[in-house]
Every structure is written in structure tokens, then in C-alpha cells.
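Note sheet for the following structure.
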Amino acid sequence: MNRRSFAQSMGSAAVLSALAKAPSWAPSSAEAVPGRIMAIAAHPGDGLFTMGAVLARHIERGGAGVLLSLSLGERGAPKTIPVQQYGELQRTATQKAAHLLGAEAILFTYPDAAIPFNDESALRVCDAIRDQKPDLVVTHWRGSWHKDHQNCHRIVRDAIFYAALDTLVRSQPAHAVSQLFYAENWEDSTDFLPDTFVNIEPVYEKWLQACDFYPMWRGQTGFFRYNDYYSSLAVMRGCLSGSKYAVALMSDANQRAQHLQSL
Ligand SMILES: [Zn+2]
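Okay, structure coming up:
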């Protein structure tokens, strides 16, 4: 297989996957009515840098989007800014970024570096899911070195299970999430195998502007070059999926079924 046919096969796999699951943001399902997408991240930066472009693309196609961050990411503060003050900077940045993308922002304040995985946190996210009624959820992949990211993954999986349970009585009625995807994150790369590509070319510049509200994106809080990494990743994923810029997602194993129309 040469490089061109490899790239085309990657694109075909994404299209087949999209047809099988009919995600409302997929370029092959333009006739579909876009639904509601919910990004659930441990920290605001994860939400914008790894899930924000998918949110923006979905909204650009006429859908609705909400970003839930479980913490303010306050412990990523540089030494020159007190932790609490940095948390408020993160809150303001997230509100501005979400507004620019046309998304709603919900910020929980579990302590950064100590987001708990228990029934309280899972039921709180369950309640947010029942309130927002998303068709799609995007969150962290479990293969992360970061304990908050690992816990977010587990919290969201339990929350989706609880949200769909009719016999679990909460303030809102049960809601079943149709699709669950995991975002590509430099900190969650162990065993991450992307199988779904989203063309983000129409929203690429707007997404970069939204990320730029965060000092972390500009390299002002630590060593990692977030801007260079995620903007380049979009180019690389675009090369593999036949578009200028793309985001790669990993679908949950339980929904990874494809249907060939000719068989
Ligand atoms: Zn994080």
C-alpha cells in the first residue's frame, strides 16, 4: 500500500465509522441534524486544547456544545502567581474561550491534583449529563500518567452509566449518551489508538484564538510547548485523514462496530 492509498484508507475508515455511528459532526453525514456534544475534562486546558476544536466544529455545523471541567487546574500556576489567583485566571480564560466558540462552560472546583474518583463525583457528573442531555461525550483516555486524567476517565464512564439508569432517581430523568470518544492528549498517550477523524479546518483559527486565552498555551507556566504541539498535531492528523487540519479521536470499544452497506 502506497502512502496515498494509506491516507485514503484512513479516510475511508473514518467515513465508514461515521456512517455506522452517524455522528452529527462527521463530514459524511451533512444531512444529519447536529445534536449536543459535551466535553468533560480534568482541567480547563485539556478541555480547550484537546477537545475544543471538536466542540467548535460541532457548533459550527449547527450543533450545541458544552465544556465541563472538573477542576480549575489551579496547581499549574507558575511561581509568580498564587495558586488561588491562577485558578481564577483559568476560570476567566475558560469563560472567554467557551464564549468565542459558542459553547457553554461549566466549572467544577474539585481540587487540582486531587480530583476524587468516587460515587459523589460520578453522580455529580451524572447530574450534569442528565441536565445537558448530550448525544456525544468526549473525555480523557484512561492511558494517562496523570491521576486526575485517569480519575476523570473513570468518573465519566460511571457517570454515563448512572445517567442512563432509569431506576436511579435524581432531580432529572435518565438520559442515555449515544456515543463516547476519547481525546488525543500528550499526557494520555499510552495505548491511544485513534479511529475517528474530525475535519477542523473551518474552525482551526478560531480554536487557536480560544486556546490563546490561557497563559499555559503560550508557554508562560511551564516547559511544555502546548501551542506548537497541538497546532502541529492538527496538521499531522489532517495529513492522515485527507484534510488540512484534523483532530483524531478514539471511540469507546463498546461502540466500535462498522457496517458495510454492500454486505
Ligand atoms: Zn490535565
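Counting from 1 along the sequence shown, just add 42 to a position and that's the residue number in the working numbering. C-beta: ideal position from N, C-alpha, C; glycine also.
- [ ] Tell me whether residue 195 counts as near ligand 1, meaning its Cβ is closer than 8 Å to at least one heavy atom of that ligand.
- [x] no
Task: Candidates 85, 184, 129, 141, of which the one nearest residue 110 by Cα - done: 85
Task: Residue from 120, 147, 112, 117 whose Cα sits closest to the Cα of residue 106 - done: 147
TODO: Return the bridge partner residues of residue 80 from the DSSP annotation.
DONE: 108, 179
Open item on the list: Taking the straight line between their C-alpha atoms, what separation do you get for residue 194 and residue 184?
Closed with: 9 Å
Task: Cβ neighbours of residue 236 in the same chain (closer than 7 Å, five flanking residues each side left out) - done: 226, 290, 291, 292
- [ ] Please list, in chain order, all residues of the same chain as residue 63 whose beta carbon is under 7 Å from its beta carbon, the five residues on each side excluded.
- [x] Annotation note: pLDDT 40 at residue 63 (below 50); position unreliable, coordinate value reported separately. Answer for residue 63: 221, 297, listed in chain order.
Open item on the list: Cutting at 6 Å between CB atoms, please list the residues of its own chain near residue 259, excluding the five before and the five after it.
Closed with: 253, 268, 269
Task: Own chain residues within Cβ distance below 7 Å of residue 97, not counting five before or after - done: 79, 81, 107, 109, 143, 145
TODO: With DSSP collapsed to three states, give me the class of residue 292.
DONE: strand
Open item on the list: Taking the straight line between their C-alpha atoms, what separation do you get for residue 76 and residue 159?
Closed with: 32 Å
Task: Whole-angstrom C-beta distance between residue 99 and residue 245, which should lie under 8 Å - done: 5 Å
TODO: Quick one: give me the first and last residue of the alpha helix (DSSP H) that residue 238 is part of.
DONE: Counting along the chain, residue 238 falls outside any alpha helix (DSSP H), though it belongs to the beta strand (DSSP E) covering 238-241.
Task: Through-space distance from residue 164 to residue 149, alpha-carbon basis - done: 15 Å
TODO: Check whether the Cβ atoms of residue 187 and residue 130 sit closer than 9 Å, and answer yes or no.
DONE: no
TODO: Please list, in chain order, all residues of the same chain as residue 89 whose beta carbon is under 6 Å from its beta carbon, the five residues on each side excluded.
DONE: 81, 83, 109, 111
Open item on the list: Assuming contact is defined by CB atoms lying nearer than 9 Å, are residue 274 and residue 241 in contact in what I supplied?
Closed with: no
Open item on the list: Any residue with its Cβ nearer than 5 Å to a heavy atom of ligand 1 should be included. What is that list in chain order?
Closed with: 84, 85, 88
TODO: Grab me the residues of residue 271's own chain with a C-beta within less than 8 Å of its C-beta, minus the 5 sequence neighbours each way, in chain order.
DONE: 228
Open item on the list: So, for residue 116: in the same chain, excluding its five sequence neighbours on each side, which residues have a beta-carbon less than 7 Å away from its beta-carbon?
Closed with: 125, 126, 128, 129, 132, 154
Task: DSSP beta-bridge partners of residue 147 - done: 109
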